[in-house]
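As you go down the protein sequences, you meet chains A and B in turn. Everything in the first sequence is counted per the working numbering, starting at 31 for the first residue and increasing by one. Everything in the second sequence is counted per the working numbering, starting at 4 for the first residue and increasing by one.
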Amino acid sequence: MTGRKVLLENVNIPGIETFEVYQKNGGYRAVDKALKSMSPDEIVEEVKKSGLRGRGGAGFPTGMKWSFLAKPEGVPRYLVCNADESEPGTFKDRYLMEKIPHLLVEGMIVSSYALGANLSFIYIRGEFMWILDILEKAIAEAYDKGYLGKNIKGSGYNLDLRVMPGGGAYICGEETALLESLEGKRGNPRIKPPFPAVKGLWGCPTVVNNVESIAAVVPIVNDGGDAYAQIGLGKSTGTKLISACGNLARPGVYEIEMGISVEEFIYGDDYCRGIANGKKLKACVPGGSSVPILPHYLVTKTATGEDRLMTYESLSDGGFVSGSMLGSGGFIVFDEDQCIVRNTWNFARFYAHESCGQCSPCREGTGWMEKVLHRLENGNGNLRDIDLLAEINKKIEGNTICPLGDAAAWPVAAAIRHFREEFEWHVTHREESQTRNFGLISQPVTA
Amino acid sequence: MIKVTIDNIEVEVPQGTTILNAARQIGGDVVPPAMCYYSKLEGSGGKCRTCLVEVAAGSTADPRPMPKLVASCSTPVMDGMVVKNKTSERVFENRGGVTEFLLINHPLDCPVCDQAGECHLQDLAYEHGSSKSRYEEEKRTFDPIDIGDKIKLHMNRCILCYRCVQVANQLTENRVHGVLNRGEHAEISTYIENAVDNDFSGNMIDVCPVGALTDKTFRFKSRVWFLKPMEAECSCDKCAGKTVLWMFGDEIYRVTARKDRYGEVEDMDGKPGWICNDCRFEKKDPSKWNIIGPRVIDRHSVISQGKYATNIRNNAKKLD
């Protein structure tokens, strides 16, 4: 099974980044169709029918998010595309924007039309400066051909699309921090409520969507929401871009049909072709650095012995005790030679560095965890540090303004839950832990 | 008016009131501690997370409990909401956690800190802190810097409540004061240590819940509990001129705004009673003031524990 592709089907056609080639291969059909024959509400209906879920990580149904948008008279509405992709292990949006920028532009036009926005933004991460150029070129072409600007294709609908680069802060991927940054302020997350759907950019109703979610609107409009919902499994409809990295034989960005098994994704010939250099799988972070890590015995099978599938539901099967999350699709695989303590410290260091410092649990807690993990990794830890970490975790999780606190706490909590032996080994074998890795952990007799 | 139940006490408040303000209407120990919220400053609150409360029922229409603890200072009440503050163990546990976070990098230099005795972090630690620290790492440190010629910033003590930033934004014209860097390295600063030069900059000292911003005319002069607070007024063309003088004998040690039991400046003629820098820093001569009488301080406060507390209490009775 190779699975259907709806986003990256044409990605390898030479010159697809140009308007002509993109349009020749069926591009901008969705704009033509939407503006000529569909009302904005019909598009929202189709997106609802498609069951599309936000691809940025939280998996919130996009259609529902759109229907929450407040529509007061005389107030502009905005659509903002969140291209501030900075989660460690996630690089799917970058690939999409680099290779096929017109897909995003087309998605932005259709989505803006559906939401009634006349000015839309693509907020792009500051480190992606070359992609900014690619997108601006694509947008200039679209303006040239009359797909952007005043009275698009004679429909009477006006849309301006701008690309705004951020300063390269992970926190600006949080939607309200993104809006603050877009307004030119310090990227601190706002206190919710009010949600952006009511009071967003400059106090106006705003929808913030991930690049992939917006791109997926194009096939939904082209083929209808029902056809999109046919792809995938259950409530996880459609396809998902997975950026696979780590110790894989063939890492990269894959568009998968939701519902293929994790085993197939890791070992299948069409996908990652197993672990590199014939090593064994030790652990896997299936959805970007902020989701809980899974030990090898929980990656391909759930705790109840069923096959684990690449869907929102199956990956979170067992909750945080024995499951994880699909997240943003940053699939990180570790082989037997990797040190989980070191990796956990690495993640914690990232979150400590990226915390905005606004609320106390995250500002102080992430830094504290990082320091404790640094000590453990370097053979200066105590056994009580492991419990301390677990407790700091509990005090951060759920007590912060934005989800960054949770994102910092979950990977540490999961690593301790599943790899406690390895953490303890780092304390009990201080010198040995500096020279070799722990290797595979033993599988519990009963899960 | 909508009805909300906090710790089994029902109270009626107008639509849009936050849980914290509803609790303040009840008063007493139902009120969650607030380190960053300041009702007179727009946009304050939500940051320190000490005011977290449990919402056991969202509203009459939707009685489901809220899964997470919510910041009471920024969550509006709904009709029929049931809130647990001191009756919830979860709240105490997590507030203890927040207190621990606030204290790990705090220098705990109360014996030499001018804020001791009227410090909100001291009160919070007294109520929710533990007697031992689990923090073994090195504390982060900054050098004290001058913000203008009358204000000293001890960033080590700061809890980043953003109140002073809001004062600088809302009471003064030039925005030269803000937060630099992020995460653990975030610090309050003026841009490249620019001086804050403004008639109302001194109010930053009053809003600071800890000893991060201190009055340079008062630094190391006296412990606050040795001084007697006297209500006083003067005619000032910049502010209302209604202040509290902190005196020792006939000498004025410092001048502050009149603050209520939550540490917020009291309203004067319907407006927040911010005082200007002239009143705060320059008028240290009692002849310039019309001294009204002793200021009533909460009898639990350490300031009331001094010798002269009895006098205050007698006067308070008269005032009642």
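The beta-carbon is built from N, C-alpha and C at its ideal position, and this holds for glycine as well.
- For Arg192/A, the beta-bridge partners assigned by DSSP are Phe151/A.
- Taking the Cα of Pro391/A as reference, the smallest distance to any Cα among His456/A, Ile422/A and Ser211/A is reached at Ile422/A.
- Annotation: the continuous beta strand (DSSP E) that includes Asp149/B extends over Ile148 to Ile150.
- In this structure, DSSP gives Asn108/B a state outside helix and strand, which the three-state scheme calls coil.
- Closest by C-alpha distance to Gly186/A, out of Tyr177/A, Ala444/A and Pro106/A, is Tyr177/A.
- Residue state for Asp263/B is assigned as coil, using DSSP reduced to three classes.
- Of the other Cβ atoms in all chains shown, 16 or more fall within 10 Å of the Cβ of Asn239/A; this residue is therefore buried.
- Considered as a whole, the stretch 302 to 338 of chain A harbours 326 to 329 as its complete alpha helix (DSSP H) runs of no fewer than 4 residues, in chain order.
- For a Cβ distance threshold of 8 Å, nothing in chain A lies close to Ile191/B: the least Cβ distance comes to about 11 Å.
- Taking the Cα positions, Met127/A is about 12 Å away from Met138/A.
- Rounded to whole angstroms, the gap between the alpha carbons of Ser346/A and Tyr258/A is 23 Å.
- For Asn240/A, no alpha helix (DSSP H) segment is defined; the enclosing uninterrupted segment is the beta strand (DSSP E) at Thr236 to Asn240.
- Listed by position along chain A, the residues whose Cβ is nearer than 8 Å to that of Ile162/B are Ser390.
- The Cβ atoms of Arg280/A and Cys314/A do not sit closer than 8 Å to each other.
- In the DSSP annotation of this structure, Gly181/B is not part of any alpha helix (DSSP H); the continuous beta strand (DSSP E) holding it starts and ends at His180 to Leu183.
- DSSP places Tyr165/B outside any beta strand (DSSP E), giving it a letter other than H or E.
- Counting only the Cα atoms, Asp288/B lies some 17 Å from Pro297/B.
- Within the DSSP bridge table, the entry for Leu208/A names no partner.
- If you check each beta-carbon in the stretch 361 to 383 of chain A against every beta-carbon of chain B, the ones closer than 8 Å belong to Ala382 and His383.
- Nearest to Thr144/B by C-alpha distance, out of Ile208/B, Val85/B, Pro70/B and Ala215/B, is Ala215/B.
- Collapsing the DSSP output to three states places Gly360/A in a strand.
- Looking at the DSSP output, Thr269/A bridges to Glu287/A.
- Neighbours of Thr396/A in chain B, taken as residues whose beta carbon is under 9 Å from its own, are Gly186 and Glu187 in chain order.
- DSSP places Pro232/B in the strand class (E or B) of the three-state scheme.
- Put simply, the CB of Ser385/A is near chain B, with a gap under 8 Å to one of its CB atoms.
- Residue environment for Glu407/A: buried (at least 16 other C-beta atoms within 10 angstroms of its C-beta).
- Beyond the five residues adjoining it in sequence on each side, Asp202/B comes within less than 7 Å, by CB distance, of Lys241, Cys279 and Asn280 in the same chain, given in chain order.
- In the three-state reduction of the DSSP assignment, Lys79/A falls in the helix class, which pools H, G and I.
- In this structure, the straight-line span from the alpha carbon of Val457/A to that of Gly411/A is close to 6 Å.
- Here Asn184/B is exposed, its C-beta having fewer than 16 other C-beta atoms within 10 Å.
- When the Cα atoms are used, Glu136/A and Glu462/A turn out to be separated by approximately 56 Å.
- The Cβ neighbour count for Gly435/A, taken over all protein chains shown within 10 Å, is at least 16; the residue is labelled buried.
- Interface flag for Asn429/A against chain B is set, since a Cβ pair is found closer than 8 Å.
- Residue contact with chain B for Arg460/A: absent (no Cβ-Cβ distance below 8 Å to any residue of chain B).
- Within the stretch 101 to 134 of chain B, the residues whose Cβ lies closer than 8 Å to any Cβ of chain A are, in chain order, Val101, Glu103, Phe104, Leu105, Ile107 and Asn108.
- Excluding its 5 nearest sequence neighbours in each direction, Lys245/B has C-beta neighbours in its own chain below 7 Å: Glu236, Arg261, Met271 and Gly276, listed in chain order.
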